[in-house]
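Q: Structure incoming, see below.
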Amino acid sequence: MTTVPSLILASASPRRLALLQQIGIEPDHLIPADIEETPHKLETPRAHAVRLAREKAAAVRAVADASEDLCPALVLAADTVVAVGRRILPKTEITDQAYACLSLLSGRGHRVFTAIAVAGEGGKVRSRLVETRVRFKKLSRQDIDDYVASGEWRGKAGGYAIQGFAGSFVVKLVGSYTAVVGLPLVESSGLLASAGYPIHKSWTTAVTA
Numbered sequence: 734m735t736t737v738p739s740l741i742l743a744s745a746s747p748r749r750l751a752l753l754q755q756i757g758i759e760p761d762h763l764i765p766a767d768i769e770e771t772p773h774k775l776e777t778p779r780a781h782a783v784r785l786a787r788e789k790a791a792a793v794r795a796v797a798d799a800s801e802d803l804c805p806a807l808v809l810a811a812d813t814v815v816a817v818g819r820r821i822l823p824k825t826e827i828t829d830q831a832y833a834c835l836s837l838l839s840g841r842g843h844r845v846f847t848a849i850a851v852a853g854e855g856g857k858v859r860s861r862l863v864e865t866r867v868r869f870k871k872l873s874r875q876d877i878d879d880y881v882a883s884g885e886w887r888g889k890a891g892g893y894a895i896q897g898f899a900g901s902f903v904v905k906l907v908g909s910y911t912a913v914v915g916l917p918l919v920e921s922s923g924l925l926a927s928a929g930y931p932i933h934k935s936w937t938t939a940v941t942a
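As structure tokens, then:
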């Protein structure tokens, strides 16, 4: 009989958890990775996203390896980077950052890079990178003031959450919507399946409306 591996989501993001749950995947453990996320000198946005996803997976893999109960689990980690050209926008924590990001994104296109990584026993890490192009409408001062007042931007890459109020700013999206939210579902389910995780195990018992 094949043993079904348990799953650790290396994130505290409720959005990533909700996306997994949307496709019937319920992580057995939530263990956020504690790593330094400052970009390296001359690091490109895509390289930054991949490095952080892999480092998060490896960090939580080390935690799992030190625990008899967690050791057999797979670790899924992700990182999202919003970029204008080679410029990596911050995960905004203060209003000045939010204003700067929204002003920069106003009326122009930008790219969202979301990398995912799956780490299994033995330290092997598989990763994928998803690139999505997004264009914002021209934002008025009122748009920006009201969005900043909402607080939705706090802790978000690029200063916005596409699944929230900022969805009204998006005039064009080419690529993966779920990647912009924080976890590309096609690629995540593919990586998990290739690592031996039964991504469809709950589907046959799901109740449809």
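Heads up, the sequence shown is in our numbering, so the first residue is 734 and it goes up one at a time.
Glycine included, each C-beta is placed from N, C-alpha and C at the ideal position.
(1) Within 10 Å of its beta-carbon, does R682 have 16 or more other beta-carbons around it, so buried, or fewer, so exposed?
(2) State yes or no: is the C-beta of V815 within less than 8 Å of the C-beta of V845?
(3) Can you have a look at G855 and say buried or exposed, based on whether 16 or more other CB atoms are within 10 angstroms of its CB?
(4) How about the stretch 862–872 and the stretch 925–940: do they share at least three Cβ pairs that are nearer than 8 Å?
(5) What does a CB cutoff of less than 6 Å around L809 pick up in its chain, not counting 5 residues either side in sequence?
(6) Quickly, what does DSSP pair T865 with across the bridge? List them, please.
(7) Please report the residue range of the alpha helix (DSSP H) in which T828 lies.
(8) Given T813, which residues of its chain have a CB within under 6 Å of its CB, disregarding the five upstream and five downstream residues?
(9) Around the C-beta of C699, are 16 or more other C-beta atoms found within 10 angstroms, so that it is buried, or is it exposed?
(10) To the nearest angstrom, how far is the alpha carbon of L862 from that of R779?
(11) Locate the beta strand (DSSP E) running through K905, then write down its first and last residues.
(12) Kindly indicate which three-state DSSP category V737 falls into: helix, strand or coil?
(13) Which residues bound the beta strand (DSSP E) around T813?
(14) Would you identify the three-state DSSP class for I932, choosing helix, strand or coil?
(15) Given this structure, state the Cα-to-Cα distance separating E885 from G897, to the nearest angstrom.
(16) Please confirm whether L925 and L807 have their CB atoms less than 8 Å apart.
(17) What span of residues does the alpha helix (DSSP H) with R779 cover, start to end?
(18) Per DSSP, which one or two residues make a beta bridge with I821?
(19) As a quick exercise: from L785, S744, R841, pick the residue whose alpha carbon is nearest that of S860.
(20) Roughly how many angstroms lie between the CA atoms of H762 and L740, to the nearest whole one?
(21) What residues match up with R749 in a beta bridge as DSSP calls it?
A: Looking at the atomic coordinates:
(1) For residue 682 there is no data in the structure shown, the boundaries of the chain being 734 and 942.
(2) Taking 8 Å as the cut-off, the Cβ atoms of V815 and V845 count as close.
(3) By the neighbour-count rule (16 or more Cβ atoms within 10 Å), G855 is not buried but exposed.
(4) no
(5) Cβ neighbours of L809 beyond the five flanking positions: L742, V851.
(6) V845
(7) First-last of the alpha helix (DSSP H) with T828: 828–838.
(8) T847, A890, G915
(9) Lying outside 734 to 942, the shown extent of the chain, residue 699 is not represented and no answer is given.
(10) 8 Å
(11) 903–907
(12) Assigned with DSSP and collapsed to three states, V737 falls in coil, not helix or strand.
(13) 807–817
(14) coil
(15) 8 Å
(16) Yes. Within cutoff.
(17) 778–798
(18) A816.
(19) L785
(20) 7 Å
(21) According to DSSP, R749 bridges with nothing at all.
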